[in-house]
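Worksheet for the structure shown next.
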Amino acid sequence: MIRTHEAGTLRASQAGEQVVLAGWVARRRDHGGVVFLDLRDASGVVQVVVRDSESVHELRAEFCVRVDGTVRVRPAGNENPELPTGAVEVEAGVVEVLSEAEPLPFPVEGTAEVSEDVRLKYRYLDIRRADTGHAIRVRSQAAYLLSDVMRDHRFVQVETPYLTRSTPEGARDFLVPVRLRPGNWYALPQSPQLFKQLLMVGGLERYFQLARCFRDEDFRKDRQPEFTQIDIEMSFVTREDVITVAEDVVSRLWSSLAGYEIPRPLPRMTYAEAMARYGSDKPDLRFGCELADLSGYFEGTSFRVFQAPYVGAVVMPGGASQSRREFDQWQEWARSRGARGLAYATFPADGSEIGGPVAKNLSEAERAGLAAAVGASPGDCVFFAAGVPAASRELLGAARLEIGRRCGLIDESAWSFLWVVDAPMFEESSDGGWTSVHHPFTAPLPEWADKFVPDPGGALADAYDIVCNGYEIGGGSIRIHRSDMQQAVFDVIGLAAEEARSQFGFLLDAFKYGPPPHGGIAFGWDRVVMLLAGAETIRDVIAFPKAASGLDPLTGAPTPITPAQRREAGIDAKPAS
Ligand code: ASP
Numbered sequence: 008m009i010r011t012h013e014a015g016t017l018r019a020s021q022a023g024e025q026v027v028l029a030g031w032v033a034r035r036r037d038h039g040g041v042v043f044l045d046l047r048d049a050s051g052v053v054q055v056v057v058r059d060s061e062s063v064h065e066l067r068a069e070f071c072v073r074v075d076g077t078v079r080v081r082p083a084g085n086e087n088p089e090l091p092t093g094a095v096e097v098e099a100g101v102v103e104v105l106s107e108a109e110p111l112p113f114p115v116e117g118t119a120e121v122s123e124d125v126r127l128k129y130r131y132l133d134i135r136r137a138d139t140g141h142a143i144r145v146r147s148q149a150a151y152l153l154s155d156v157m158r159d160h161r162f163v164q165v166e167t168p169y170l171t172r173s174t175p176e177g178a179r180d181f182l183v184p185v186r187l188r189p190g191n192w193y194a195l196p197q198s199p200q201l202f203k204q205l206l207m208v209g210g211l212e213r214y215f216q217l218a219r220c221f222r223d224e225d226f227r228k229d230r231q232p233e234f235t236q237i238d239i240e241m242s243f244v245t246r247e248d249v250i251t252v253a254e255d256v257v258s259r260l261w262s263s264l265a266g267y268e269i270p271r272p273l274p275r276m277t278y279a280e281a282m283a284r285y286g287s288d289k290p291d292l293r294f295g296c297e298l299a300d301l302s303g304y305f306e307g308t309s310f311r312v313f314q315a316p317y318v319g320a321v322v323m324p325g326g327a328s329q330s331r332r333e334f335d336q337w338q339e340w341a342r343s344r345g346a347r348g349l350a351y352a353t354f355p356a357d358g359s360e361i362g363g364p365v366a367k368n369l370s371e372a373e374r375a376g377l378a379a380a381v382g383a384s385p386g387d388c389v390f391f392a393a394g395v396p397a398a399s400r401e402l403l404g405a406a407r408l409e410i411g412r413r414c415g416l417i418d419e420s421a422w423s424f425l426w427v428v429d430a431p432m433f434e435e436s437s438d439g440g441w442t443s444v445h446h447p448f449t450a451p452l453p454e455w456a457d458k459f460v461p462d463p464g465g466a467l468a469d470a471y472d473i474v475c476n477g478y479e480i481g482g483g484s485i486r487i488h489r490s491d492m493q494q495a496v497f498d499v500i501g502l503a504a505e506e507a508r509s510q511f512g513f514l515l516d517a518f519k520y521g522p523p524p525h526g527g528i529a530f531g532w533d534r535v536v537m538l539l540a541g542a543e544t545i546r547d548v549i550a551f552p553k554a555a556s557g558l559d560p561l562t563g564a565p566t567p568i569t570p571a572q573r574r575e576a577g578i579d580a581k582p583a584s
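Take the position in the sequence shown, starting the count at 1, then add 7; the result is the number in my numbering.
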């Protein structure tokens with residue numbers, strides 16, 4: 008062994024012991040002939056005293072060193088109660104340099120702000136930093152806990168392939184050329200959805216995996232082209248059984264890693280209620296500000312803008328005192344979300360007449376009853392949206408979140424979980440047809456089994472999403488296991504029989520051989536760990552994430568390939584027929 012002890016474990020009871028430590032120079036302080044080094048390894052930090060300063064004069068931050076020395080109790084008054092090893096120091100005999108470090112691109116110690124691109128380019132140094140290292144360790148602990156829960160429930164852990172056919176999660180696939188079959192391509196899985204269903208046909212009954220998923224989507228701030236799911240599938244179950252296992256997972260993780268006992272069963276809300284009250288399918292329930300439906304209130308209004316199928320509003324407490332500029336910024340905010348603007352009215356604090364551009368368009372009676380109809384008090388303002396219900400509610404839902412943030416209404420130390428159930432099965436696609444809201448293997452609620460074909464717009468899915476603090480952290484459904492029903496869903500979404508065969512023929516074939524009723528769920532593991540670690544983005548809990556640009560500053564990937572690689576991979580080859 009290169010060392011006898013771990014730096015962070017030394018305590019006063021070990022005074023007098025001879026130890027050999029190895030780690031990195033976190034800090035050095037020179038005090039007239041005596042040098043103090045903070046030596047850091049994975050276990051923590053200990054102070055090392057070097058009396059012969061000559062022997063360490065070339066030592067700089069992040070040199071990797073080995074120290075031979077004796078543990079001593081620190082002289083009275085020199086203890087550091089902030090540090091677990093703060094009662095002791097190690098009097099160095101020999102300090103051996105194991106490897107040198109060049110001047111650093113950013114300090115590893117301390118909390119200096121460093122741009123993310125630089126941190127990711129030197130991710131190995133970033134991982135040495137306390138916060139990043141901590142987040143990655145939390146992720147590991149979470150994975151151990153997860154396997155405990157799944158083992159307790161007798162789940163079988165299975166790895167499904169990365170090189171496969173396209174899977175139907177609705178994003179673009181990442182494609183991989185195949186040298187041995189020029190012109191043919193594998194797709195990286197968007198999720199193991201079809202394989203987990205095949206495992207149910209295979210009779211495993213309970214499957215789980217920490218599965219890597221790949222989706223070629225437009226890059227958004229907190230999205231990664233590859234991410235990890237806790238993927239779960241179960242046979243002979245109803246929604247309640249899947250929900251029970253999922254709540255076990257969440258409650259074990261939060262209890263052990265966040266010290267929070269989730270209230271069980273978690274509250275549930277239907278998708279319709281979530282949209283109506285919060286304008287979101289993943290409402291953040293840590294604060295109120297529910298949307299007010301004013302469609303009835305403005306029925307028969309002479310204000311053209313409010314002659315719409317839906318008129319709704321959300322109150323901003325204390326918002327009346329915002330400046331003209333602030334109201335203009337709200338307009339910009341709404342336009343950046345694709346809305347035309349954000350109509351508003353103010354209720355002055357002194358109780359005088361309603362202000363804001365909308366007011367003059369309203370009748371006397373409409374103005375008089377408005378505060379009561381939206382639940383506003385003097386000093387508040389109210390934002391309106393009018394139009395088709397879905398888009399208007401979404402705008403108000405987003406405004407609600409923005410209000411929560413700007414007004415400091417969100418209790419950041421609180422946890423709020425809920426299930427959002429009974430989402431629609433289908434939504435209208437841009438070409439006027441229907442697409443699946445989840446994926447096409449999602450079963451309808453039992454009461455919609457015979458009715459979804461004539462009424463796809465009304466049909467509800469036997470689906471459930473779990474939401475934490477306004478993030479959708481997981482989602483799943485009971486699946487279709489009968490070919491006739493599966494075919495009917497394909498018909499609704501306009502997937503012709505041959506096309507369905509060519510894409511999912513293997514699943515349809517499997518369903519000929521006694522498929523069990525089954526259902527499952529997948530959690531976004533990166534998001535779950537982000538919440539548990541108190542991190543700000545999922546990138547903070549991924550060891551080697553892509554940058555916000557979608558690229559990898561560390562390796563420089565993606566890179567061009569050579570003409571020879573291109574030929575060899577058969578990229579331009581026509582598939583042999
Ligand atoms: N495969 C689905 C997804 O990745 C989750 C599920 O239905 O289990 O979103």
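Even for Gly, the Cβ is constructed at its ideal location relative to N, Cα and C.
So is the beta-carbon of residue i under 6 angstroms away from any non-hydrogen atom of the ligand ASP?
i    : result
G527 : yes
G177 : no
S173 : no
G483 : yes
Q200 : yes
Looking only at its chain, what residues have a beta carbon closer than 6 angstroms to the beta carbon of residue i, apart from the 5 residues adjacent to it on each side?
i    : result
W422 : Y267
A430 : Y278, V444, A468, A470
Y351 : G363, C388, F390
A378 : F354
L416 : F294
Going by DSSP, which residues form a beta bridge with residue i?
i    : result
C388 : M323, T353
H64  : Per DSSP, none; premise fails for H64.
T139 : Answer is none; T139 lacks a bridge partner.
M276 : V427
W441 : E435
C220 : F234
C71  : W31, S106
C296 : DSSP output for C296 lists no bridge partner at all.
W192 : P184
Q148 : Q148 pairs with nothing; no bridge assigned.
In its own chain, which residues sit with a C-beta less than 7 angstroms from the C-beta of residue i, not counting the 5 before and 5 after it?
i    : result
H38  : none
S50  : E13, A14, G15, T16
E103 : V72, R73
N368 : F310
Q314 : T308
R392 : Checking the sequence, you will find Ala at residue 392 rather than Arg. Excluding sequence neighbours, A392 sits near G319, S399, L402, L403.
I250 : W426, Y471
E69  : W31, V32, A108, L111, V115
Using the Cβ count rule (16 or more neighbours within 10 Å means buried), how would you classify residue i?
i    : result
T139 : buried
A281 : buried
I9   : exposed
S198 : buried
T118 : exposed
V163 : exposed
Y131 : exposed
I480 : buried
I528 : buried
A450 : buried
R486 : buried
L127 : buried
I545 : buried
A33  : buried
P316 : exposed
P385 : exposed
D547 : buried
V428 : buried
F243 : exposed
Leaving out five residues on either side along the sequence, give the residues of the same chain with a beta carbon under 8 angstroms from the beta carbon of residue i.
i    : result
A19  : V80, A94, V95
H141 : A540
W600 : Here the chain covers residues 8 to 584 and nothing more, so residue 600 does not appear.
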